[in-house]
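A quick write-up on the structure given underneath.
Numbering (the UniProt record's numbering), first residue to last: 1 to 493.
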């Protein structure tokens with residue numbers, strides 16, 4: 001499978017598209033003024049402890065206080081550098097932290113919607129080949145590396161960590177891209193990560209809370225660290241300045257990726273090569289068309305996301321069962337891609353079209369799980385429920401594409417619906433009657449949207465005149481094009 005990474009850079013925004021065989025599979029967006037904070041390490045100050053929720057709110061200098069749950073406390077009461085203790089009950093949070101306490105924390109989930117960032121006191125620092133766990137002594141290997149190779153790699157890494165123990169303790173996990181690394185490269189990464197931790201600890205004793213102690217790499221740098229795989233053919237970027245910076249960063253930390261870096265010099269915008277902007281527009285819509293003629297309906301709420309599969313105009317198979325089966329198979333591919341494209345997380349409910357045959361259900365579920373296994377983000381899918389639904393989860397660390405690029409409609413406040421013009425007319429009539437019982441103005445003036453005013457002048461004119469006669473006051477109308485359909489004012493003159 002051929003993979004290309006396209007980077008569109010501007011001073012205000014970095015956009016990255018991962019393209020496989022000509023189809024966009026992932027989109028990543030980072031805005032200069034709204035940069036994500038996952039991975040950042042802060043010296044925070046405990047603002048409030050909530051024993052009933054076994055959590056605490058921590059001030060780390062953001063607009064909203066961040067959230068720390070008892071399960072995310074390192075070693076559940078252990079001091080920094082102390083090995084994690086297994087098999088022990090959780091110590092209540094009120095016995096571990098107190099208001100006003102300075103606490104070193106790391107962001108594990110960005111603020112999403114009305115929720116503040118989620119924190120952990122279990123610090124981990126990602127390097128090029130390894131992840132450093134400064135408060136642990138565990139040495140492990142990524143689960144994505146084949147099991148038959150893990151034990152040999154773990155023993156090799158254990159020996160390297162022991163040789164470099166003069167630099168301090170701490171545990172390490174070998175990343176997937178470190179599988180073929182030499183002992184020298186691993187030793188360099190160990191030294192780099194321990195130096196980074198030393199800088200963080202030094203800052204923690206010299207800076208006042210709340211303070212930023214360590215910032216994770218920018219999206220541009222994370223492309224080389226996290227997105228490049230053996231299947232990546234090219235990494236194309238359209239900024240000469242950032243190309244140079246990325247080359248320098250790559251030579252130091254990701255030398256094997258530097259040769260794939262290319263400066264894009266074409267006249268057309270780089271995202272036009274694969275119609276990326278069109279894909280972004282589609283990823284913000286509810287309806288996703290399938291090649292067969294079927295379609296998906298994707299609805300995202302704060303609590304969960306639902307995906308509904310429909311046959312639409314697909315009637316190409318020999319019988320109805322085969323039509324449904326083929327639509328569901330295609331949908332399994334499309335849904336897994338949409339989850340990556342839209343960066344949807346949390347609980348996801350998939351409503352495949354009902355299938356009568358058990359072998360069809362098993363085949364669709366197997367294909368769906370196979371496609372989910374390609375995801376860089378952790379996913380877990382159950383089987384078909386009694387209602388024919390598939391429940392799954394996808395780890396959520398950053399806001400979805402829609403939450404990042406869009407905001408609720410000012411007219412419907414995100415509900416997706418507005419009252420009809422006639423409903424608004426009747427609301428206005430009731431409001432005028434309510435006002436007439438409390439006040440005695442000379443005249444009532446209704447300021448509303450053009451469509452509502454037009455309805456009052458036409459079909460609802462008799463009801464408006466009848467109310468005017470009933471309250472004994474004139475009612476005038478004023479059209480205001482800037483108003484939404486549900487908005488209106490009643491002015492007492």
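We put the CB at the ideal spot given by N, CA and C, even for glycine.
Are the region 125-138 and the region 167-177 in contact at 8 Å, needing three or more beta carbon pairs?
The region 125-138 vs the region 167-177: in contact.
Using the rule of at least 16 other Cβ atoms within 10 Å of the residue's Cβ for burial, across every protein chain shown, is residue 45 buried or exposed?
Looking up residue 45 in the chain shown gives position 45. For residue 45, the number of other beta carbons within 10 angstroms of its own is at least 16, and it is reported as buried.
Beta-bridge pairing of residue 132 - partner residues as DSSP gives them:
Translated into the one-based positions of the chain shown, residue 132 becomes position 132. Per DSSP, 125, 172.
Would you tell me roughly how many angstroms separate the C-alpha atoms of residue 479 and residue 459, rounded to the nearest one?
As a first step, residue 479 must be located in the chain shown, where it is residue number 479. As a first step, residue 459 must be located in the chain shown, where it is residue number 459. Their Cα atoms are separated by approximately 16 Å.
Helix, strand or coil at residue 490 [DSSP, three-state]
The residue you call residue 490 lines up with position 490 of the chain shown. In the structure shown, residue 490 sits in a strand (DSSP, three-state: E or B).
Helix, strand or coil for residue 391? Go by DSSP, reduced to three states.
On the chain shown, residue 391 is found 391 positions in, with the first residue counted as 1. In the structure shown, the three-state DSSP call for residue 391 is strand.
Give me the DSSP bridge partner(s) of residue 432.
The residue labelled residue 432 in the question sits at position 432 within the chain shown. Beta-bridge analysis with DSSP links residue 432 to no other residue.
Skipping 5 residues on each side, what residues in its chain have a beta carbon closer than 8 Å to that of residue 329?
Here residue 329 refers to the residue found at position 329 of the chain shown. Result list for residue 329: 363, 364, 367, in chain order.
Please report the straight-line C-alpha distance between residue 152 and residue 146, rounded to a whole angstrom.
Numbered from 1 along the chain shown, position 152 holds the residue referred to as residue 152. Numbered from 1 along the chain shown, position 146 holds the residue referred to as residue 146. A straight line joining the alpha-carbon of residue 152 with that of residue 146 spans about 11 Å.
Please confirm if the region 340-349 is in contact with the region 393-404, defined as three or more CB-CB distances below 8 Å between the two stretches.
Under the 8 Å Cβ criterion, the region 340-349 counts as touching the region 393-404, having at least three qualifying pairs.
Taking only beta-carbon atoms, is residue 239 less than 9 Å away from chain B?
The structure shown has no chain B; it contains just one protein chain.
Which residue or residues does DSSP assign as beta-bridge partners of residue 415?
Position 415 of the chain shown, counted from the first residue, corresponds to residue 415. Answer is none; residue 415 lacks a bridge partner.
Jot down the residue ranges of each uninterrupted alpha helix (DSSP H) in the region 253-320, minimum 4 residues, whole runs only, in chain order.
Secondary structure remark: continuous alpha helix (DSSP H) runs of at least 4 residues inside the region 253-320, in chain order: 255-258, 276-283.
Just mark residue 463 as buried or exposed, buried being the case when its beta carbon has 16 or more other beta carbons within 10 Å.
On the chain shown, position 463 is the one that residue 463 refers to. The residue in question, residue 463, is exposed, as its Cβ has fewer than 16 Cβ neighbours within 10 Å.
Please classify residue 398 as buried or exposed, where buried requires at least 16 other C-beta atoms within 10 Å of its C-beta.
Against the chain shown, residue 398 aligns to sequence position 398. Counting the other CB atoms within 10 Å of its CB gives residue 398 a total of 16 or more, which places it among the buried residues.
Just the Cα atoms here: how many angstroms apart are residue 7 and residue 284?
If you number the chain shown from 1, residue 7 lands on position 7. If you number the chain shown from 1, residue 284 lands on position 284. Taking the CA atoms as reference points, residue 7 sits about 20 Å from residue 284.
Report the residue ranges of all beta strand (DSSP E) runs contained in full by the region 446-480; include only those spanning at least 3 residues, in chain order.
The DSSP assignment places complete beta strand (DSSP E) segments of no fewer than 3 residues inside the region 446-480 at 475-479, in order along the chain.
Expected contact under 8 Å - CB spacing of residue 486 and residue 424 to nearest Å:
Reading the chain shown from its first residue, position 486 is the one you call residue 486. Reading the chain shown from its first residue, position 424 is the one you call residue 424. The pair is a contact, with the Cβ atoms about 6 Å apart (cut-off 8 Å).
Run through the DSSP bridge pairs and tell me what residue 14 is partnered with.
For the purposes of this step, residue 14 is taken as residue 14 along the chain shown, with counting starting at 1. 9, 30, per the DSSP bridge assignment.
Residue closest to residue 380, alpha-carbon to alpha-carbon, out of 387, 370, 386, 388:
Sequence index remark: in the chain shown, residue 380 carries index 380 (1-based). Nearest of 387, 370, 386, 388 to residue 380, Cα basis: 370.
Measuring alpha carbon to alpha carbon, tell me which residue in 471, 228, 431, 298 is nearest residue 2.
If you number the chain shown from 1, residue 2 lands on position 2. Proximity to residue 2 across 471, 228, 431, 298 peaks at 228, based on C-alpha coordinates.
If we count the other Cβ atoms within 10 Å of its Cβ and call it buried at 16 or more, is residue 254 buried or exposed?
Start at 1 with the first residue of the chain shown, and residue 254 comes out as number 254. Here residue 254 is buried, its C-beta having at least 16 other C-beta atoms within 10 Å.
I'd like the ranges of any alpha helix (DSSP H) spanning at least 4 consecutive residues and lying wholly in the region 180-258.
Assignment of alpha helix (DSSP H) within the region 180-258, counting only whole runs of 4 or more residues, yields 183-206, 219-222, 240-253, 255-258 in chain order.
Is residue 120 helix, strand or coil when you go by DSSP?
Counting from 1 along the chain shown, the entry for residue 120 is found at position 120. In the structure shown, residue 120 sits in a strand (DSSP, three-state: E or B).
Between 353, 296, 161, 306, which has its C-alpha nearest residue 322's C-alpha?
As a first step, residue 322 must be located in the chain shown, where it is residue number 322. In this structure, 353 is the residue among 353, 296, 161, 306 with its C-alpha nearest to the C-alpha of residue 322.
Count the other C-beta atoms from every protein chain shown that fall within 10 angstroms of the C-beta of residue 79, then say buried if there are 16 or more, exposed otherwise.
Numbered from its first residue, the chain shown carries residue 79 at position 79. Its pLDDT being 37, under 50, residue 79 is placed unreliably by the model, and the measurement read from it follows with that caveat. Residue 79 counts as exposed, since fewer than 16 other beta carbons sit within 10 angstroms of its beta carbon.
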